[in-house]
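Residue numbers for the sequence shown follow our numbering, so the first one is 340 and each next one is one higher.
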Amino acid sequence: MKLLPHCLPAAATAVALALLSVPALGSAATAAPAGDRDHSPCLYAGRAGAPAGRIVRDDLQLLRRDPLATWVRRHRSEARTARSSDRTVTVPVAFHVIRKNASAGGGDLPQAQVNAQIDVLNAAYQRSGFRFALASTTRTTESSWFNMVAGGSSQPRYERGSAKEHKMKGALYQGGPRTLNIYTASLGKQVLGWSYFPSEFVGGKARARYLDGVVVDYRSLPGGSLAPYNEGDTATHEIGHWLGLFHTFQNGCNAPGDFVPDTASEASPAFGCPVGRDTCGAQPGADPISNFMDYAQDSCMSSFTPGQGERMRTTWAAYRS
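Written out as structure tokens, the structure is:
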């Protein structure tokens, strides 16, 4: 999830860092997270009727066991092939424009802006072995869906999402695990977007497959009004989660970090573009603020690491192929 930083108080940052430094958090430390549900930084201060500790534990939890590791152990040959493959995977995209009315202020997006978003994705993912091909664009005028909110954290993992999200996706979802469904709506003043991890839709949890996809604020697309988050990289970030990547600040300065060896450790999210920031001084490398999986503004985000590319290709083989 990408967040807007304007309401992040200093005290909230302290809460997040304190919880990140805890060695373990019971079952939450080893359970696979239920999608990229890491709400607004405003909520870290304990707003919206939920204690700050629980929200931060859900969002920036310590995750000691990689949910992808079990598949890799059982399919070592396939995992090696996926990691080393130079084949480009083409991902069909079902793009869903949710609008309050057929105007720019009501969420309507011209096709040129949708196409520009696909171009941004292809530029970002080319070196990682993915290409995105727009398969369809739908436009739905539904004011009750337009003002969309992320679901609560008390629900079972595979049943998360607000009632609006369930209704919207249940009506519009297309394809299967290989198809990327992108939804644009108005997400308010705090949240830029959210996604679910592919490991959430296996076994019995596959009945909620229609939740699989990415939701982004319509103003975050290239040329949108949400500067400096209007170059299309909110979608880039959320699709990283859709392909199995964690935030660069996962686990803070503690091993195993984000489960990708070549991303530098980072204690907390980076906002803006703090060049030279180094929150894990005892670990090699400065904070990866230019990585698409951090929280920096769009103009600061420019790359995935080779290791992230390998993880995404492995995730595709495990959950989406």
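For each residue, glycine too, the CB sits at the ideal point set by N, CA and C. Remember, it's a predicted structure, so these values are computed and weren't measured experimentally.
Can the beta-carbon of R659 be found less than 7 Å from the beta-carbon of S424?
no
C-beta contact flag for A656 and E417 at 7 Å:
yes
Determine the contact status of G646 and D601, defining contact as a CB-CB distance below 7 Å.
yes
Identity of the residues DSSP links to T477 by a beta bridge:
H435
Using alpha carbons as the reference points, say which of G562, W410, S538 and G615 lies closest to D551.
S538
Could you tell me if the beta carbon of A408 falls within a distance shorter than 6 Å of some heavy atom in the ligand NAP?
Ligands in the displayed structure: none, and consequently the ligand NAP is not present.
Buried or exposed, going by whether 16 or more other CB atoms sit within 10 Å of the CB of V614?
exposed
Neighbour-count burial assignment, A502, 16 or more Cβ in a 10 Å radius:
exposed
Excluding five sequence neighbours on each side, which residues of the same chain lie with their C-beta closer than 6 Å to the C-beta of G445?
R438 and K439
If we ignore side chains and look at the alpha-carbon of each, how far apart do V554 and T523 end up?
6 Å
Count the other C-beta atoms from every protein chain shown that fall within 10 angstroms of the C-beta of N630, then say buried if there are 16 or more, exposed otherwise.
buried
Considering only residues of the same chain and omitting the five flanking positions on each side of D375, which have a CB-CB separation below 6 Å?
No answer about D375 holds up, because its pLDDT of 45 lies below 50 and its placement is not dependable.
Only counting runs of 3 or more residues, tell me where the beta strand (DSSP E) segments fall wholly within the stretch 529–613, in order along the chain.
532–534 and 553–556
Burial state of D572, where buried means 16 or more other Cβ atoms lie within 10 Å:
buried
Report back the beta-carbon spacing between G514 and A433 to the nearest angstrom; my notes put them in contact at under 8 Å.
6 Å
Alpha carbon to alpha carbon, how far is L407 from S642?
22 Å
Span of the beta strand (DSSP E) around L519:
L519 to A524
Give the DSSP-derived three-state secondary structure of T644 in the structure shown.
coil
With D626 and Y568 assumed to form a contact (beta carbons below 8 Å), what rounded beta-carbon distance in angstroms separates them?
Between Y568 and D626 the Cβ distance is about 19 Å, and since that is not below 8 Å, they are no contact.
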